[in-house]
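What follows is a single structure, written as structure tokens, with notes after it.
Written out as structure tokens, the structure is:
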């Protein structure tokens, strides 16, 4: 199962609820303003590092770059994908749930 | 000074930032989905009770009632106002800041 | 209207937003009502502020209160459309000091693991 | 364009949202640019995700990246419009692991009390 | 006292326009003056004459038009925001080569300077948004 | 594989429509089929032909129209959501007594059943919103 989150985890509770209510082994893709959650050195880093222990985390690179960050700013273990990679993730998983 | 907050404090950080960056003696009005912050018995009650020590807190009653609560469900010390009371608050204070 | 080759899928409606502040709750309900005619396997979950959609005693009309129609009674009509699987998130209820007796309709309360299981069993998830 | 009876008011623009995810940052900037012609006493504050508006190195065009124009260079043009009072919220920067060297423009960092004081001194507050 | 109002969201999706309307109406009924209501961002969508809401629901656009008529309210739609979102008056439609316009009665399209002026001229500016 | 897409926000205000467009385009370029793109809530505003964005900015509506033309995409606008927000085709405009319509090329207006059908017929439904 793929979960998508598009809201900044500093502003909204979407990522928090997504991580709480998703299962071990699932995939979580951060895009749009949610990409801030994938960055090293923020107060949320520990939350994402913890999630990586049981879930696969992805982040949309074009959204990272638009906002002035680069792939190397992303927490190690979080995989970067482009839009084609986003499509692949949706195709690979049986269901996708958007945490609007 | 009057601060207005219209987002649910369970979902967004607007109320938190407003309380952190407003001065003692100011007024804070909760309306629209922010009225949930004015209710007794929620996990946020302590935050609002603490804020009441140094700030005046108001809540828009029509927004409370639309959402299935009544004046008696509001934390004691938080004053209920209607739209006319909202207008009065704006007129009384020199400036109004919306925490969108 | 099951003329879709007899396919029955598990449809989940995820409601995470409060009523009135935004239109999502109302327009989600409109999809559920139309969708009922398609005879799919439908469940609704209410998470975070979404649980407030079901709060009893909502009170507003076009000419009073906030000037917006109260649509909360429609949740009670869902049974008549054979939409009977309504679930609320336990933690969301607790954070808001709500119990099932505060709600308009009968719901099942799910803990984190049960909710995650329910979601993982779905074919199509509509988020509002 | 100070033909408003010579009134000079303190205008504060409050920016609390990230760029690109929503249009508020861009359209706020458009107001600041037009407003500059009115010769008022203008300040801009960046709070919460608003501090990300000033992040260096933003990279997207209509034909690449997210397919949206990069407007971050406009913040550097503000000086030319005599818009020079830019403030960022200390706690918002810290939570995001940002320092002023990560930003496109010169800003003053304000702590909670200084920010609250600045806001309390304004006549008109535009929130985005 | 003299108020200006800013509305940042469109009709129905968010409560902002409803709240702004209720506030404006209450202010007028108390005898205050509304210098201007300025519609910005998606707020410009409050000015379309093409909405057909369900009969048992409020008509957000008409409410504003009627309030404008009753109190001679100045309802101003930001031109830049309106162009992005497809709100045009007859002049703009002609200028842009569009074969339809959709501005509702009581609204006028103008520049962002009208927002700044609204801030300068009024005693208070109240912002409604998301 | 067969995808359906749902877009819940209008052009420019939120990135949702841009993200949905980039996703849809990438899926098509990879050879997947898009069964339908369904526009709901403020998403219906993506279907207005009256937008005039700045020349150096993207044209969100035209992008969808062009993608539709190139790949024969089915772009469906929810009728109930569209009526609330002022998006009408010629038939609807006539039926509602409006003197203008504003639907852009490549979009069609239909009922919510089309969203359910999109869920039933496609292998995946991907939702973009706020």
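Chains as they are written, first to last, in this note's numbering: chain H, 307 to 406; chain P, 307 to 406; chain W, 3 to 130; chain E, 3 to 130; chain U, 35 to 164; chain Y, 35 to 164. Ideal Cβ placement from N, Cα and C applies to all residues, glycine included. These numbers were taken from a predicted model, which means no experiment stands behind them.
With 8 Å set as the bound, which would you pick, yes or no: does the beta-carbon of residue i sit closer than that to a beta-carbon of chain W?
i, result
"residue 49 of chain U", "yes"
"residue 123 of chain U", "no"
"residue 61 of chain Y", "no"
"residue 384 of chain P", "no"
"residue 119 of chain U", "no"
Which same chain residues end up closer than 8 Å to residue i when comparing Cβ atoms and leaving out the 5 residues on each side of it in sequence?
i, result
"residue 351 of chain P", "345, 381"
"residue 22 of chain W", "62, 68, 70"
"residue 93 of chain U", "85, 87"
"residue 5 of chain E", "Model confidence at residue 5 of chain E stands at a pLDDT of 49, short of 50, so the residue's coordinates are unreliable and nothing is read from them."
"residue 329 of chain P", "307"
Taking Cβ positions only, does residue i come closer than 8 Å to chain Y?
i, result
"residue 24 of chain E", "yes"
"residue 130 of chain U", "yes"
"residue 387 of chain H", "no"
"residue 330 of chain H", "no"
Exposed or buried, residue i, counting other C-beta atoms within 10 Å across all chains shown (16 or more means buried)?
i, result
"residue 39 of chain W", "exposed"
"residue 160 of chain U", "buried"
"residue 1 of chain U", "An answer regarding residue 1 of chain U cannot be provided, because it is not within the stretch 35 to 164 covered by chain U."
"residue 103 of chain Y", "exposed"
"residue 88 of chain Y", "exposed"
"residue 125 of chain U", "exposed"
"residue 153 of chain Y", "buried"
"residue 151 of chain Y", "buried"
"residue 63 of chain U", "exposed"
"residue 137 of chain U", "buried"
"residue 140 of chain U", "buried"
"residue 3 of chain E", "Note that residue 3 of chain E has pLDDT 49, beneath the 50 cutoff, so the model's placement of it is unreliable and the number below is only indicative. Answer is exposed; the Cβ neighbour count stays below 16."
"residue 29 of chain W", "buried"
"residue 90 of chain U", "exposed"
"residue 331 of chain P", "exposed"
"residue 95 of chain Y", "buried"
"residue 319 of chain P", "buried"
Measure from the C-beta of residue i to each C-beta in chain U and report whether the shortest distance is under 8 Å.
i, result
"residue 57 of chain W", "no"
"residue 58 of chain Y", "no"
"residue 364 of chain P", "no"
"residue 9 of chain E", "yes"
"residue 316 of chain P", "no"
8 Å is my cut-off, CB to CB: does residue i come that close to chain P?
i, result
"residue 36 of chain W", "no"
"residue 124 of chain E", "yes"
"residue 121 of chain E", "yes"
To which residues of the same chain is residue i closer than 6 Å at the C-beta, ignoring the five residues directly before and after it?
i, result
"residue 358 of chain H", "383"
"residue 336 of chain P", "311, 343, 344, 365"
"residue 72 of chain U", "40, 110, 149, 152"
"residue 147 of chain W", "Only positions 3 to 130 of chain W appear in this structure, which leaves residue 147 of chain W out of reach."
"residue 54 of chain U", "39, 41, 162"
"residue 321 of chain P", "311, 315, 343"
If residue i and residue j are in contact, beta carbons under 8 Å, what's the gap, nearest whole angstrom?
i, j, result
"residue 117 of chain U", "residue 85 of chain Y", "7 Å"
"residue 334 of chain H", "residue 355 of chain H", "With 8 Å as the limit, residue 334 of chain H and residue 355 of chain H do not qualify as a contact, their Cβ atoms being about 13 Å apart."
"residue 402 of chain H", "residue 158 of chain Y", "6 Å"
"residue 15 of chain E", "residue 130 of chain E", "7 Å"
"residue 37 of chain U", "residue 114 of chain U", "24 Å between Cβ atoms; not a contact."
"residue 42 of chain W", "residue 75 of chain W", "About 24 Å separates the two Cβ atoms, so there is no contact after all."
"residue 77 of chain W", "residue 56 of chain W", "6 Å"
"residue 393 of chain H", "residue 60 of chain Y", "5 Å"
"residue 114 of chain E", "residue 376 of chain P", "With 8 Å as the limit, residue 114 of chain E and residue 376 of chain P do not qualify as a contact, their Cβ atoms being about 35 Å apart."
Which residues in the same chain as residue i place their Cβ atom closer than 7 Å to its Cβ, once the five residues preceding and following it in sequence are excluded?
i, result
"residue 111 of chain W", "90, 92, 95, 102"
"residue 396 of chain H", "308, 402"
"residue 369 of chain H", "337, 338, 341"
"residue 178 of chain Y", "There is no way to answer for residue 178 of chain Y, as the model of chain Y reaches only from 35 to 164."
"residue 132 of chain U", "122"
"residue 9 of chain W", "none"
Let me see if you follow: with CB-CB separation under 8 Å, is residue i close to chain H or not?
i, result
"residue 129 of chain W", "yes"
"residue 3 of chain W", "For residue 3 of chain W, the predicted structure reports a pLDDT of 49, less than 50, and the residue's modelled location is therefore unreliable. A value from the coordinates is still provided. Cβ-Cβ to chain H under 8 Å: no for residue 3 of chain W."
For residue i, decide whether its Cβ has a neighbour in chain E, counting only Cβ atoms nearer than 8 Å.
i, result
"residue 74 of chain U", "yes"
"residue 77 of chain U", "no"
"residue 46 of chain Y", "yes"
"residue 91 of chain Y", "yes"
message: Ignoring anything shorter than 4 residues, give me the alpha helix (DSSP H) runs that lie fully in the stretch 61-124 of chain U, in order along the chain.
response: Here the runs fully enclosed are 94-105, 113-119.
query: Going along the chain, which unbroken runs of the alpha helix (DSSP H) with 4 or more residues stay wholly within the stretch 336-406 of chain H?
result: The DSSP assignment places 351-358, 367-372, 389-398 as complete runs of the alpha helix (DSSP H) inside the stretch 336-406 of chain H, in order along the chain (cut-off: 4 residues).
field: Length-filtered (4 minimum) alpha helix (DSSP H) runs lying within the stretch 18-77 of chain W
entry: Entirely contained in the stretch 18-77 of chain W, the alpha helix (DSSP H) runs reaching 4 residues are, in chain order, 26-37.
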